[in-house]
Amino acid sequence: MKYWNERISTIEPYTPGEQPQDSNWIKLNTNENPWEPAPSVLESIMNAAAANLNRYPDPNARLFCSAAAQYCKVPESYIFAGNGSDEILAFAFGALFKPPIVFPDVTYSFYPIYAELWSLPYETVPLSDNFVIYPEMLLRPCGGVMLCNPNAPTGIALPRERVLEIVSYHQKQNTVVIVDEAYVEFGAESVVRDTEQYDNLLVVRTLSKSKSIAGLRAGYAVGNPDLIAGLKRIRDMVNSYTMNTVSQLAGAAALLAEEYYAAKTSLLIRTREATRDRLIAGGWQVLPSSSNFLFMSLPGTNGVELYSAFKERRILVRYWDKPKIRNHIRVTIGTPEEMDIFCQTALELAGSNRNAQGA
Ligand code: PMP
């Protein structure tokens, strides 16, 4: 700490979820995909290993961008590639937002950290009591709007039309709206193709969730070429080679393996809905979800108690000791077998909780 400057001394950094190095955990804490990547992804990793790893990667990851453009049905000039979407969000805050910025009070906990890192004052707007974003509260003059859709950690999505109302209002004021679509493939409506109509809209996406390659670190942003040029400019003030050769090739393969991932995603959605029904029947309160996780609470307990009770049974989930959400846990959807064990444990906990309250 002796050598820390004021910035790193005062900003509280993000705490990533636990990544235990031993097996025999049911790991439902970081919204990873339980399935392995498509066979073509694994093949492309083998080929990449034989490629020119003595050379720097293509700084603009053109092969990856071309696959992302095809996947999103937008021109290639609309794509920016990065080493995961957190990195892209950090660049976007630094390059495209002006003070003050606005986002909902319950959302991805990295946003306030990026704001502080770039010295951007921010204002938050409250969600409804059932954790829904009021889009009209985001219709106010500011220097940038950050919207996560579906929202994290709630899993609740806004329809495309409501997102576009926000984007359209801010286009008239020359203000950028960033939409983080990390979980969109699990059931929400995307605004990715609306980037061609709205030059102030930047959509940020990741391959860590629906494409099963969190370990490779791959993400992209979609927006008007002017926004993309801003992102490249700030990237080249930090590190021109953010996305390595292996991730570029494997990421492109993942984006093109649509059939494989469509089957996995629909299985995950079915598992999510079956899990939710079972938990609700057992006395849990579970928000509707358009993502690969469920946000839930059990009356009479709180997040840290639930987290610890699951951890004792070698199940990892996530909680936040923060206003409005400290009674909840967020649970990633795993395989049907993992969710079966999770549900059995959750129903046991609900039973003992009822007995304790009745006693
Ligand atoms: N946005 C949201 C809402 C997330 O939950 C995450 C994962 N923690 C990310 C972005 C970042 O994903 P990645 O850096 O793995 O692409």
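Under this note's numbering, read the sequence shown as residues 1110 to 1468, first letter to last.
For each residue, glycine too, the CB sits at the ideal point set by N, CA and C.
Nothing here was measured: the structure is a model prediction, and the numbers come from that model.
At the C-beta level, Y1329 and A1459 stay beyond 8 Å of one another.
In this structure, ligand 1 has no non-hydrogen atom nearer than 7 Å to the beta-carbon of T1441. Per DSSP, S1194 lies in no beta strand (DSSP E) segment; the continuous alpha helix (DSSP H) that holds it begins and ends at 1194 to 1205. Ranked by Cα distance from N1309, the options E1294, S1299, V1285 are led by V1285.
Only residues of its own chain outside the window of five on either side were considered, and among them V1395, M1405, C1452, A1455 have a CB closer than 7 Å to the CB of L1388, listed in chain order. Scanning its chain for C-beta atoms nearer than 7 Å, with the 5 sequence neighbours on each side dropped, one finds around Y1370 the residues A1147, S1319, K1320, in chain order. Within the same chain, Cβ atoms closer than 8 Å to the Cβ of P1166 are found at Y1350, M1352, N1353, T1354, Q1357, the five residues on either side in sequence being excluded.
For a cut-off of 8 Å, the C-beta gap from I1337 to Y1187 is around 7 Å, short enough to register as a contact. Secondary structure of M1110 (DSSP, three-state): coil. In chain order, D1308 place their CB closer than 7 Å to the CB of D1335, counting only its own chain and leaving out the 5 sequence neighbours on each side. If you look at R1314, you'll find it in the beta strand (DSSP E) that goes 1310 to 1315. The shortest CA-to-CA distance from V1215 to any of S1153, G1264, A1297, F1202 is the one to G1264. Put simply, the backbone Cα of M1155 is about 46 Å away from that of P1244. Between ligand 1 and the CB of S1186, the shortest heavy atom gap is not smaller than 7 Å. Put simply, the backbone Cα of K1420 is about 8 Å away from that of V1426. The beta carbon of G1193 sits closer than 7 Å to at least one heavy atom of ligand 1. In this structure, DSSP gives S1399 a state outside helix and strand, which the three-state scheme calls coil. In this model, K1111 and L1256 are separated by some 37 Å (Cα to Cα).
Taken in chain order, the whole beta strand (DSSP E) runs of length 3 or more contained in the segment 1376 to 1464 are 1402 to 1406, 1438 to 1441.
Take the alpha-carbon of P1262 and the one of L1137: they are about 13 Å apart. Ligand 1 has a heavy atom closer than 7 Å to the beta-carbon of Y1217.
The C-beta distance from V1150 to A1383 rounds to 27 Å, too long to fall under 8 Å, and the pair is not in contact. Within the same chain, V1300, D1303, Y1307 come within 8 Å of L1273 by CB-CB distance, once the 5 residues on both sides are set aside.
For ligand 1, no non-hydrogen atom lies closer than 7 Å to the CB of N1142.
The alpha helix (DSSP H) runs lying completely inside the segment 1136 to 1202 and spanning 4 residues or more are 1148 to 1159, 1171 to 1181, given in chain order.
Contact between N1436 and N1411 holds: their C-beta atoms lie close to 5 Å from each other, under 8 Å.
The three-state reading of DSSP puts A1291 in coil, since its state is none of H, G, I, E or B. Considering only N1333, I1275, T1374, the residue with the shortest C-alpha distance to S1400 is T1374.
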